[in-house]
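For reference, the structure discussed in these notes is given below.
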Amino acid sequence: MAILSGAGVSTDSGIPDYRGPNGLWQRDPDAEKLVTYDYYMRDPDIRRRSWLMRGEHPAWRARPNAAHLAVTALAEAGVAVRVITQNVDGLHQLAGLPDRKVLELHGNARAVVCTACEDRTTTEAALDRIAAGEDDPACLRCGGILKTATVMFGQALDPEVLGQAMTIAQACTVFIAVGTSLQVQPAASLAGIAAEHGARLIIVNAEPTPYDALADEVIREPIGTALPALLATLT
């Protein structure tokens, strides 16, 4: 079984859905610049504002919700499940799902990478430096520009991670797309790949998606109750 999890899975944990009808991108389109690679790399002020946004992000206070815990319970019940997530909050792992069962298509906001030497550190350490007075902390190894280990707008997905995700989509017998608009490519195409290879496609999302017509089942109920109920039947 494969589960593609999007932003809607984490909203019950207090993390906003940036792309939804009332999301940040709709309310403040200029905020996209803070997570757009070209703007980030060439403008120190964008980096300063981006770091401030990271420090204030609700992900640092968020805890796994019923949907995350239901996925972990499914795995602990012995069901072979892999999670392919568009989220960068690490909540699937905080809910107890092993790293090896989670593919993070867009990276993880809890780590920081140097764009020059690729040295990896923690976001917590970078935010501590900002709290101590640095507004655009540089790499301590080479002086390069630091960014969270996430895929920003304008960056390509890691081809190895995407390749693994495609292999899982092709091989699974059940593919659940939950809390995702299925509009961001190439992640959205995984639902189509799974359906084309014979998987039972189930979509759990509040709004219609471009792949609803391919789905065997579409569920519009709140994710926090709908996903645990669905996974319980599949277990």
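Using our numbering, the letters of the sequence shown map in sequence onto residues 746 to 980.
Idealized CB from N, CA, C, for every residue including glycine.
Only a predicted model underlies this, so the values are computations on that prediction, with no experimental measurement involved.
Close beta carbons around Leu-907, own chain, < 8 angstroms, minus the five adjacent residues each side: Leu-850 and Pro-931
Buried versus exposed call for Leu-885 [16 or more other C-beta atoms within 10 Å across all chains shown]: exposed
Selected residue, minimal CA-CA separation from Glu-952, among Gln-838, Gly-753 and Tyr-784: Gly-753
Selected residue, minimal CA-CA separation from Ser-795, among Leu-946, Leu-891 and Gly-899: Leu-891
Which of helix, strand or coil DSSP assigns to Ser-750: strand
Sequence-distant residues of the same chain with beta carbon closer than 7 angstroms to Ala-894, five excluded per side: Gly-852, Asn-853, Ala-856, Val-857, Val-858 and Arg-865
Residue burial classification, Asp-844 (beta-carbon count within 10 angstroms, cutoff 16): exposed
Residue closest to Asp-783, alpha-carbon to alpha-carbon, out of Gln-900, Thr-918, Arg-965 and Leu-946: Gln-900
Length of the line joining the Cα atoms of Glu-905 and Ile-875: 33 angstroms
Nearest candidate by alpha-carbon position, reference Thr-925, set Pro-967, Gln-915, Met-911 and Phe-898: Pro-967
In chain order, each beta strand (DSSP E) run of at least 3 residues that lies wholly inside the region 840-883: 847-849, 852-859 and 865-867
Of the residues Leu-848, Thr-781, Arg-827 and Met-786, the one placed nearest Val-833, counting alpha carbons only: Leu-848
Distance, Arg-965 Cα to Met-897 Cα: 29 angstroms
Beta-carbon gap between Leu-972 and Ala-815 smaller than 8 angstroms: yes
Glu-821 (DSSP reduced to helix, strand or coil): helix
Pick from Met-746, Leu-946 and His-813 that is closest to Gly-823, judged by C-alpha positions: Met-746
Top-ranked residue by Cα proximity to Arg-945, from Gly-969, Ala-916, Pro-955 and Leu-927: Ala-916
Outcome for Gln-831 when other beta-carbon atoms lying within 10 angstroms are tallied against a minimum of 16: buried
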